[in-house]
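Chemist: Got a structure for you, written out below as structure tokens; questions coming shortly.
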Amino acid sequence: MLRFLSAQSSFNLWMIFLAENLLVTALALLFGWIVLKLNHKPIKAASGNEIWVCILTNIINTVITYVGFWLWKHNYILFSYDRSWRIAFDFLALFMLMDLAMYLFHYFIHHSVIYKAIHKFHHHYADPIPIDLFVLHPFETVGFGLLWMMTIVLFSFNFYAVLIYLIVNVFFGIMGHLGIEPIPAAIRNTAPFKYLGTSSFHHQHHLDIHHNYGFYTSIWDKLFKTYKG
89 MLRFLSAQSS
99 FNLWMIFLAE
109 NLLVTALALL
119 FGWIVLKLNH
129 KPIKAASGNE
139 IWVCILTNII
149 NTVITYVGFW
159 LWKHNYILFS
169 YDRSWRIAFD
179 FLALFMLMDL
189 AMYLFHYFIH
199 HSVIYKAIHK
209 FHHHYADPIP
219 IDLFVLHPFE
229 TVGFGLLWMM
239 TIVLFSFNFY
249 AVLIYLIVNV
259 FFGIMGHLGI
269 EPIPAAIRNT
279 APFKYLGTSS
289 FHHQHHLDIH
299 HNYGFYTSIW
309 DKLFKTYKG
């Protein structure tokens, strides 16, 4: 795949990365719609503002994807490509490292003037719907993108582990913005679910901005006393 991309012109790369981001968004929203349908949840239509911001987020993510590819092409980002146990190890390492980094970033936003200036825009939607995963202030989208770039520039991961992580990242994002909890309480209270950032965990953050800053797990919130069940 990377060899194919390396042979493309800059224009083709922009088009490919834009199509990729739009496809990921479409599949994520389709998945969210299916989950809501299966749980007989009335599906609230997205507002015009949500749709336009979602499109803008995709454009910004396209730029971030292009920058990431440029960094890889010029050897600032290094991957390993072996298909071994390292895929699982690197995925888990990336999963936990990004979870901690995004917890700290998220916590910082909520405890600074940045919240009122930027992040409050996302919290306008206390009862989120799937598209709200992509409804972020442009500066915040750039911030998360830079955090991601810094992580993969500073550390070398297995390429396939990165692909798996990106899929899991979107999955957790959509689950956190369903507005419902599709996982029964009996299951949520068992390992490993009781340590994961379930739908109700992130929904609680939209209802109470002073708790549950984690993205994939509740580990950091429990460790730093910001957890609310």
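Reading the sequence shown from the start, the letters are residues 89 to 317 in my numbering. We put the CB at the ideal spot given by N, CA and C, even for glycine.
(1) Less than 8 Å separating the beta-carbons of H293 and Y304?
(2) Please state if the CB of W308 and the CB of L188 are separated by a distance shorter than 8 Å.
(3) Between the C-alpha atoms of K125 and A95, what's the straight-line distance to the nearest angstrom?
(4) For F105, collect the residues of the same chain with a Cβ closer than 7 Å to its Cβ; drop the 5 residues on either side in sequence, then sort them by chain order.
(5) Examine the Cβ distances between the segment 236 to 253 and the segment 100 to 117 and report whether three or more of them are shorter than 8 Å.
(6) Could you tell me the distance, in whole angstroms, from the CA atom of S98 to the CA atom of L159?
(7) Quick check on F92: does DSSP put it in helix, strand or coil?
(8) Roughly how many angstroms separate the alpha carbons of E269 and V256, rounded to a whole number?
(9) Nearest-angstrom Cα distance between T286 and R91?
(10) Helix, strand or coil for N246? Go by DSSP, reduced to three states.
(11) Looking only at DSSP bridge pairs, what is K168 linked to?
(12) Mind checking F183: buried by the 16 CB within 10 Å criterion, or exposed?
(13) With a CB to CB cut of under 8 Å and the five nearest residues on each side skipped, what residues in its chain are close to N325?
(14) Secondary structure at T145, three-state DSSP: helix, strand or coil?
(15) Taking the alpha helix (DSSP H) that Y191 falls in, what are its first and last residues?
(16) With 16 other CB atoms within 10 Å as the buried threshold, where does A176 fall?
(17) Using only alpha-carbon positions, find the residue among L235, Y203, I202 and E138 that is nearest to L185.
(18) Applying the 10 Å Cβ sphere with the 16-neighbour rule, what's the burial state of H162?
(19) With respect to the alpha helix (DSSP H) encompassing G264, which residues constitute its N-terminal and C-terminal limits?
Modeler: In terms of the structure at hand:
(1) no
(2) yes
(3) 42 Å
(4) T150, T153 and Y154
(5) no
(6) 14 Å
(7) helix
(8) 18 Å
(9) 37 Å
(10) strand
(11) The amino acid at residue 168 is misidentified as Lys; the sequence shows Ser. Its beta-bridge partners are N246.
(12) buried
(13) Residue 325 cannot be examined here, being either before or after the span of the chain that is shown, 89 to 317.
(14) helix
(15) R174 to H198
(16) exposed
(17) L235
(18) exposed
(19) First-last for G264: undefined, no H or E at that position.
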